[in-house]
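Protein chains: 2
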Amino acid sequence: MADMAPATPNNEARRIQMLRAAAELICERGFGETRIADVAKRAKASSALVIYYFGTRERLLVDALRYSEQNFYDAAEKMLAEVTSARERLSLLVQWTCIPDDTDVPGSWGLWFDLWAQAFRHPEVKQDRVDMDGRWRAMIVDVVKAGQAAGDIRKLDARAFAVTFAALLDGLSIQVALRDPELDSERAYNIAMHFAERELGLPAPRRRKPAKKA
Amino acid sequence: MADMAPATPNNEARRIQMLRAAAELICERGFGETRIADVAKRAKASSALVIYYFGTRERLLVDALRYSEQNFYDAAEKMLAEVTSARERLSLLVQWTCIPDDTDVPGSWGLWFDLWAQAFRHPEVKQDRVDMDGRWRAMIVDVVKAGQAAGDIRKLDARAFAVTFAALLDGLSIQVALRDPELDSERAYNIAMHFAERELGLPAPRRRKPAKKA
DNA sequence: CCAGTTTGACTGACTGTTCAATCTAACGAG
DNA sequence: CTCGTTAGATTGAACAGTCAGTCAAACTGG
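What follows is the structure, encoded as structure tokens:
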């Protein structure tokens, strides 16, 4: 295995092109069914070049998983920074997890399942995921603390809330992703928001923000 | 592909032997890394025989996934039938999802990730999973209604509670399975029980039931 | 002309699946 | 009871396709 090409400014574009292609493919066909040749074709490159960049199929796919995970959270943070009201920010977080994909670099749900499956065994991925989840909870904690400072949210242990709320969101999004007939994205949204309102003592909403259909 | 051997009383044992072997292997190595030869070896049979029974690798693995899913719920129902107090039954449900495996046919967590990943694409698996999840929620609903009848649980929409609670349990168990440092099985147990107590108006516990360490 | 890219062609290993050949246990006829 | 018949169970060996990874040659921009 030739060691992978070093990271230079020029490579970066190609590398990312491949990561995106790989992420898309994984989402469509699944981790185990994603072939180097397919990734290469979608990234308009040769199989050999993909290997030249990543050295091995596993590293390519794993990196792709981590890449889109990271993108998902980056985008979430950015989005969160653009509003201020506690309720709006909570609402964004919930929509972010419960609503089917449309972003160009999909944090698309198919990826999460494979990410979890990989993390369950691959220690490197496991660590990465733990870090990312910490980041996710930190975002929740920030929202809560800001809301408390503004007087919209009552006094409580923000960290503990974050752990529970994050778990609830994960669970809801699984059902949504798997198209459970009892739990579409709109209902998931309402459940999550209802929980947050209760727990945080949020002022009642003017109006429910409806979730887009997939 | 020779069509698979029909189900006869004699086959059944072998078939199950293979399903269990496959489930174990999937749990250890993952769906994509599970080879027919390995399953055959563990089931003390030849590769050819495995194909003789299941016709194709995919069907073997998918059936194995569904088999252990079913076993998981069967065992849960049985266990649930053996206690009566609402609190005890809730506690069992929570332990059942949050505590690392030890059962002979593991509903072990590695399997769930692969099951979800498969369900996300394979319609047959998706339907199956939806059914199973309905069963799971029905168990929760039963517990709640029984508790209400006994006067331990306050009046509320049992169905709505079940959906939310099931989602919370799923989310918690992901973190536990992935060994999140902030959320071991004991803490997950406490979070889930705390939520149930609050939501259902359960009488306060005598003592917390501690969760086993993995 | 040089370092980093890119590729087509190749291969070597892996592995799902087929197949023809045995084995086994039940069973019915003699 | 015995022994051919038979249908299902079981296997070792071979086949065939796939695909990750190698390599030497060609390309490209600076």
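Chains as they are written, first to last, in our numbering: chain A, 3 to 216; chain B, 3 to 216.
The beta carbon of each residue, even a glycine, is placed where N, CA and C say it ideally should be.
Task: Between the CA atoms of residue 171 of chain A and residue 197 of chain B - distance to the nearest angstrom - done: Taking the straight line joining both Cα atoms gives about 15 Å.
Open item on the list: Please list, in chain order, the chain B residues whose beta carbon lies closer than 7 Å to that of residue 184 of chain A.
Closed with: Within chain B, 165 have C-beta atoms less than 7 Å from the C-beta of residue 184 of chain A, given in sequence order.
Open item on the list: With H, G and I counted as helix, E and B as strand and the rest as coil, what does DSSP make of residue 166 of chain B?
Closed with: The DSSP-derived three-state label of residue 166 of chain B is helix.
- [ ] Alpha carbon to alpha carbon, how far is residue 138 of chain B from residue 76 of chain B? Give it in angstroms, no decimals.
- [x] Approximately 10 Å, taken between the alpha carbons.
TODO: Tell me where the alpha helix (DSSP H) around residue 125 of chain B begins and ends.
DONE: If you look at residue 125 of chain B, you'll find it in the alpha helix (DSSP H) that goes 125-151.
- [ ] Specify the secondary structure class of residue 204 of chain B as computed by DSSP and reduced to three states.
- [x] Here residue 204 of chain B sits in coil by DSSP.
Task: Cβ neighbour criterion (16 or more within 10 Å) applied to residue 159 of chain A - done: By the C-beta density criterion, residue 159 of chain A is exposed, having fewer than 16 other C-beta atoms within 10 angstroms.
TODO: Say whether chain A places a C-beta atom closer than 9 Å to the C-beta of residue 59 of chain B.
DONE: Output row for residue 59 of chain B: interface = no.
TODO: Within 10 angstroms of the Cβ of residue 18 of chain A, are there 16 or more other Cβ atoms? Answer buried if so, exposed if not.
DONE: Residue 18 of chain A is exposed by the Cβ-count criterion.
Task: Host alpha helix (DSSP H) of residue 71 of chain B (start-end) - done: Counting along the chain, the alpha helix (DSSP H) containing residue 71 of chain B begins and ends at 59-83.
Open item on the list: Taking its Cβ as the centre, do 16 or more other Cβ atoms sit within 10 Å of residue 187 of chain A, making it buried, or is it exposed?
Closed with: Residue 187 of chain A is buried by the Cβ-count criterion.
Open item on the list: Within a Cβ cutoff of 7 Å, which residues of the same chain sit near residue 215 of chain B, ignoring the five residues on either side of it in sequence?
Closed with: Any reading at residue 215 of chain B needs caution, since the residue's pLDDT is 45, under 50, leaving its predicted position unreliable; the model's value is listed next. Hits under 7 Å: none found.
Open item on the list: Tell me whether the stretch 65-73 of chain A and the stretch 119-139 of chain A touch, counting them as touching only if at least three CB pairs, one residue from each stretch, are closer than 8 Å.
Closed with: Contact between the stretch 65-73 of chain A and the stretch 119-139 of chain A is present: 3 or more CB-CB pairs across the two stretches fall below 8 Å.
Task: Test: residue 115 of chain A CB closer than 9 Å to a CB of chain B - done: Interface flag for residue 115 of chain A against chain B is set, since a Cβ pair is found closer than 9 Å.
Task: Backbone CA spacing between residue 193 of chain B and residue 47 of chain B [nearest angstrom] - done: When rounded, the distance between both Cα atoms is 45 Å.
- [ ] Express the C-alpha separation of residue 152 of chain A and residue 22 of chain B in angstroms, rounding to a whole number.
- [x] One Cα belongs to residue 22 of chain B, the other to residue 152 of chain A, and the distance between them is close to 56 Å.
- [ ] Answer with yes or no whether the minimum CB distance from residue 157 of chain A to chain B is below 9 Å.
- [x] Not closer than 9 Å to any Cβ of chain B, the Cβ of residue 157 of chain A fails to qualify, so no.
TODO: Hey, could you find the ends of the alpha helix (DSSP H) residue 91 of chain B is sitting in?
DONE: Run containing residue 91 of chain B: 88-100, per the alpha helix (DSSP H) assignment.
- [ ] Excluding the 5 residues preceding and the 5 following residue 64 of chain A in the sequence, name in chain order all residues of the same chain whose CB lies nearer than 8 Å to its CB.
- [x] Taken in chain order, the residues that qualify are 120, 124, 126, 127.
- [ ] Return the CA-CA distance between residue 82 of chain B and residue 54 of chain A, expressed in angstroms with no decimal places.
- [x] Straight-line Cα distance between these residues: approximately 55 Å.
- [ ] Starting from residue 110 of chain A, follow the alpha helix (DSSP H) in both directions and report where the run begins and ends.
- [x] Per DSSP, residue 110 of chain A lies in no alpha helix (DSSP H) segment and is marked neither H nor E.
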